[in-house]
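Worksheet for the structure shown next.
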Amino acid sequence: MTIEKKKGILVVNYNDDLPKLLKEIRQLASFGFAIPKKIIHCAKTAETFYKYAIVLKQVAHFYNTIELQMLPCQQAMMLNEALAFEKLIFMDKKDDTICNKITWDNPKELENFIKKLQQAAERLVLRNRNLQKAHSEIGDKVKQLMEHDLLKGIDKWKDIMTDIRTQFVEQEKYIGNRIHMRTWIIHWEIQIYKLEAIKLLFYCFKVLQLQYRWGIESFHMQISQIDTQLVFKDQCLQLRPPMEEIRAKYYREMKKFLGIPQKFRGIQDSDQEWVLLGKVDLEELIEDNFKKPSDWETHIKLLKAKSREAEKLPNEIKLECIVVNTSAIKRTIDDLLQRLFDTLIWTLRHSINTQTQAISRFLNDAIKTLSSRPQTSDEIAEANYKHTQFAKTNNEMKQTLIAIDEKNILLRSVSGSGAEQVTTIVQQWGNFEMLLNSHQSMIKEQVENLKITIFNRTKDFSEQIDKFSAKWNQLKPKNDILNDTKELLLKAIEIIKEMRNECDQIIKIREKVRLECEYFNIEKIEFPILDEIDNEIRNSENNWSLYEKFSSGLEEMAGKEWILFRSKTYNFDEYLQEWFNKLKIMPKSPITIRIIREIEEYKDMSEGFKYYRGEMFSNEHWIELFRILGLPKGTTIESLHFGDLLKVHHSIISNVEKLRDLNARAQGEVTIREALQELELWAAQMEFSLLDYKLMNGSMIKIVKNWKELMNSVKDNQALFLSLKNSPYYPVFSDKIAIWETRLTDIDLYLHWLNEIQRKWIYLEPIFGRGALPSELSRFNRIDVEFQSVLNGMRYETLTEFHLDIRQDSRIMSLCSRHSLKGTLEHSIDQLNRCQRALNQFLEEKRRVFPRFYFLGDDDLLEILAQSTNITVIQAHLKKLFQGIHRVAFNDDSKLIIAMVSAQGEYVALMKPVQIVPQAEIWLQELLDIMRKTIKALINQCVYESSPNPANYPSQVLCLSEQIRFCNECEKMIESKEYLTELRKKLCQQLQNYTATQVEDEVLNLKLKCLILDLIHRISIIDDLINNHPCKATSWVWQKQLRFYLDRSSQNIVIRHVKAEFEYTYEYQGNANKLVHTPLTDKCFLTLTQAVSMGLGGNPYGPAGTGKTESVKALANLFGRQVLVFNCDEGIDVQAISRIFIGLVESGAWGCFDEFNRLDEVILSAVSMQIQIIQDAIKSSHPFCTIEKREMKVNRNSAIFITLNPAGKEYGGRKKLPNNLKQLFRPVVMAVPDNEMIAETLLYSKGFKEARILAKKLVTIFDMSKSLLSSQQHYDWGLRAIKTVLGGCRNIMANERKTDENQIIIEVRQTYY
């Protein structure tokens, strides 16, 4: 960018023809013409910067036209923004035609430059718009003033004027400098108002004239005369009486009309020029502007003329009704004129005195210099130089003297007396000119005298050189000194330095003598001996300075303390290597050979640094080191410096083996010493970490919580001592180590015992605290006293010899100070074991009475035994003992159980209340018996009702009754296909009725769903019978079905499957979800029932999600059995499994061990033997069997099932079962279930009419998602996910009553996925 000087406009250096070039190149290229590479390169460059050029042209156009966009009166107000913009454009403040040196070759810098330009331009444009907006708003306000009458609308005038002032104040805040607003303010002063001098109030001029003319012309001459005076006070004009009194008189005459004119400026303006002298500093003004005598003379004449003019001013001025008296201001004007005259006289006299003093100083210095006689050539040269300067200044000073004389004449003419010192200065000037003219002859005479002096001085200097030569020959170092000590070498270097300084002084004298001889034209005298000596000294310096530099570097390191320098010895090695490399390339000389020899010795020394670094040395080791090296007595590690070691480097080299042994011994000993110190620190810091524990009686004690940390820490320290014993330096510390070994052994034993005691105590304390096992209570109380004493420092009479307070002294090492602690802990462990055995025996007795207690943990069992009448405890544990009972209902006094309630809220009243007694096993056994009798009675009652009310019977009873009726009807009609068809129609109609039924009650809805699922299964059975007709009751199609019969004589339910027959055990099942019957389910049921009939177990196996565990649970539900599912993980052991087996066998429950092949092989082997014993007893109908040396009663209704996942990579930790274990279970392969059939059945049960179509669509969506989407661990496209969607469908249908079944499926799928 450049500036055209003629037009003054900004131009961008981007050819306007380049865009046309780009267009033509594109056109030619499209026609197939070959474009030269240079043109293509040029075009690419032009295209690259085209957008930047466009922006720069816009900026240039803005710069060239911005002045036209500004109001002239506002240009100064945008000065800061304009200067900031121009500062970016122009790089040189002195030359505004040179633009910033930004080239097209630097795109990044160009882009930053353009951004800054655009920002600066935007700020300038925005500021211009804001100012123009303010200007327009003020113009609108002025127009409003024209519309308001001053007499009636004076308040409006004030408000508008306030708004105008606010605009100016706001702009002044932004600009900061009011001077820049002056042009704009003057513009509006001319249009609207004048600025008041005192109160800064603005009033209208033009508008005022228009609005007030009619009133002023009509009555101003009728007002009585008001007399006033105009005076000058406090550097401003004032009226007497003041304006307030004048205004008050006016207001009384003119009432509310005259509110604006508060100041009369006409008279003041006319007299303003007379009082200007009172507003300025006259002395400063005259001193700055008056230089020549004529300046004073001219203004003195003008002052006299102005005084005559001031005398002609009138004494008063009458303006219509007002008369202004000017007498006071005339007196003030006379005073000001007189003051100006006095000031002119004073400044004239002051100017004469100032110039006179300057000339006087010059003359005094010149006369002093010209009067002195030079004694040396330098003084002669200086005298000649000053003579020349005085000659040059002579004319200038002479003109100043003439001006002083003229001013003095003027001063005498106007004041009657002049300056007295002028005459003295004129006389001094004559003396100066006389001395200046005679100075050269005096210099010539003095030169001849100096020549004689210089000749004599030359002889003396020649003798001085001879003496210095003899001294150098005597003291200069010889080569044989290089074999001496380092101290003598350094002394030789100091001698060379001294001789160098002395030689330099002599050379300076020689040069001075030569200059004087040359200056005075005396024949030069040469001193060749001095040059020879200088060369010899320089050669010696060059040789010996090398050794000095080497030594100085060593001295710098030698001064450092060894304890600080030993970690930086690499600096020493680097220094030696650097000098060695430097000397290799230098010519060999005795000095370099000597330095290389020292470097090699120091390198040998540095190799042993690691042996005497001493970081692990004790005081004994340091003393031994000083003795080996031969250091002076009294040397300490604190006072040892690196230089001390350098001095004995020969001793270090010769004793390196001793130093190595010393260092090895120090390292070995320091390891043991640090280990002992760390152990002592550990013993002081390692503490028991305590936490609060609440006893059964409500009190709080402290117990230990960090057992694992403590024990691991002790084991680590014991291992540390074992490693220290292998050290060759162990004997030095053997006594200390033996003591600590004994302590750690005791501590380890005490900690294990205390941990065992606390663990058992925490287990037993709640049990005995509730009053369980009274026979062992006294024994436990004694242990409790001892344990609480150990932990919390309680003093008991029974513990007179033992008292320990871990709470007050929580350090674990404090245990070692208790002599009787070992016996006490041994006794406590023995007593706790006795209590534990008694407790286990007590719990085992209770479990034998009520076998279901085997399914509870010891804590839960103890709780229910200790609080057998507590309703809260009963409700918490019943669900663990009874599969279908979630809670029970009590009578009003909570002493009788009157009903059982399922988890879903199904209420089943017991046929006989069960009384709660303190012996939990008694009333629980009674509850079990009454539960079975109740279910049996309800089934017998429901079977004989033709249309039972679902609200009167539990879901289990309703479904079983329907199964019994169905089997009875089926066997009656099985031989007739027509009857079967009629039965199917009847069942389909019943299904339609069920699915059309809308029930609000959740329990009834669950019952209805179970009935629907059973109905669908029964219809499928009828379809099989019809399809395989003719059939009989003995046909396989019917025999493979699970059939239920009611024995009329015994009123018991019999279950038949093929040839197997089972008893129904009437266990309340609650509202468990029914399993959808599929061919896979029937296959699984058939295998499991036949296995049970043979006294074996069932083994469903297959991948996850195929319904293995659910099938076992569903079959148990159909048989009225209690079924317990146990997850086999690595934490289960043989003892736990044995206890489960005992509970299952004695209670007649079914046990399903999920993922059985995750157990360890050892456990599987032991378990297989126990399972075989149980199955043999069941198969042979033996009433008893023995497990774990315990004889137990066998309930033939019990059974054991296992489920297996495939052994492979997908199921980590699964193993193949041993062959002897496989023979005890009948396997059934659980393949992938028929998801479409299951979904269809569930949709029917939820009331969907188009269940088959919807099920097919839904399963297809999930199958496609599984095949198309990536395989992720958290993705689930199986039956569980489908059931989740189906559950959501039921909720939407029940809550929103939507009829579009397809839309329901879509909404639920979008919600869950």
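Numbered by UniProt numbering, the letters in the sequence shown go through residues 1 to 1313 in order.
Just so you know, even glycine gets a beta-carbon here, dropped at the ideal spot from N, CA and C.
Between W472 and M499, the gap from beta carbon to beta carbon is short of 8 angstroms.
In this structure, DSSP gives V999 a state outside helix and strand, which the three-state scheme calls coil. With 16 or more other CB atoms across the displayed protein chains lying within 10 angstroms of its CB, T332 is buried. Counting along the chain, T1065 sits inside no alpha helix (DSSP H), nor does DSSP assign it H or E at all. Under the criterion of beta carbons closer than 8 angstroms, F1141 and I1187 qualify as touching, at roughly 6 angstroms. In the displayed model, V12 falls within coil according to three-state DSSP, outside both helix and strand. Cβ neighbours of P851 within its own chain (closer than 6 angstroms, five residues either side excluded): G1143, E1146 and S1147. For Y1045, no alpha helix (DSSP H) encloses it; the enclosing beta strand (DSSP E) starts and ends at R1043 to L1046.
In this structure, E1063 places its C-beta atom within 8 angstroms of the C-beta atom of N1197.
Residues of the same chain with a CB within less than 6 angstroms of the CB of K330, apart from the 5 flanking positions on each side, are L313 in chain order. Approximately 14 angstroms separates the beta-carbon atoms of L1118 and V1076; this is outside 8 angstroms, ruling out the contact. Under the DSSP assignment, N712 falls in the alpha helix (DSSP H) whose first and last residues are W707 to L724. Going by C-alpha positions, I757 is about 20 angstroms away from S699. Closest option to C970, judged by alpha-carbon separation, among D929, Q989, D1024 and E1000: D1024.
Under the DSSP assignment, R848 falls in the alpha helix (DSSP H) whose first and last residues are L821 to V849. Counting along the chain, N1219 sits inside the alpha helix (DSSP H) bounded by residues N1219 to K1222.
Residue nearest to L79 within the set V125, I114, I9 and I39 is V125 (criterion: CA-CA distance). In the DSSP annotation of this structure, H752 is not part of any beta strand (DSSP E); the continuous alpha helix (DSSP H) holding it starts and ends at S734 to G769. Excluding residues up to 5 positions away in sequence, L576 lie with their Cβ nearer than 6 angstroms to the Cβ of Y602 in the same chain. The three-state secondary structure of E1240, taken from DSSP, is helix.
Shown here, G884 sits in coil according to DSSP, grouped into three states, outside any helix or strand. For D227, the secondary structure class from DSSP, reduced to helix, strand or coil, is strand.
Residue pairing of T1186 in beta bridges, as defined by DSSP: E1191.
The three-state reading of DSSP puts V1058 in coil, since its state is none of H, G, I, E or B.
Residue range D858 to A866 is occupied by the alpha helix (DSSP H) that includes D859.
Shown here, D140 sits in a helix according to DSSP, grouped into three states.
In the DSSP annotation of this structure, the continuous segment of the alpha helix (DSSP H) that includes C959 starts and ends at S955 to M973. Counting along the chain, the unbroken alpha helix (DSSP H) around K584 starts and ends at T569 to K584. Just so you know, the alpha carbons of K301 and S294 end up roughly 11 angstroms apart.
By the neighbour-count criterion, in which 16 or more other beta carbons inside 10 Å mark a residue as buried, V704 falls on the buried side.
With contacts defined by Cβ atoms closer than 8 angstroms, T369 and K386 form a contacting pair.
Taking the Cβ atoms as the reference, V1228 lies roughly 7 angstroms from L1088, within the contact range of under 8 angstroms. If you look at N1117, you'll find it in the alpha helix (DSSP H) that goes K1108 to F1119. Here Q74 is not near W188, since their CB atoms are 8 angstroms or more apart. Looking at the DSSP output, Q238 shares a beta bridge with V231. In the structure shown, F468 adopts helical secondary structure according to DSSP, grouped into three states.
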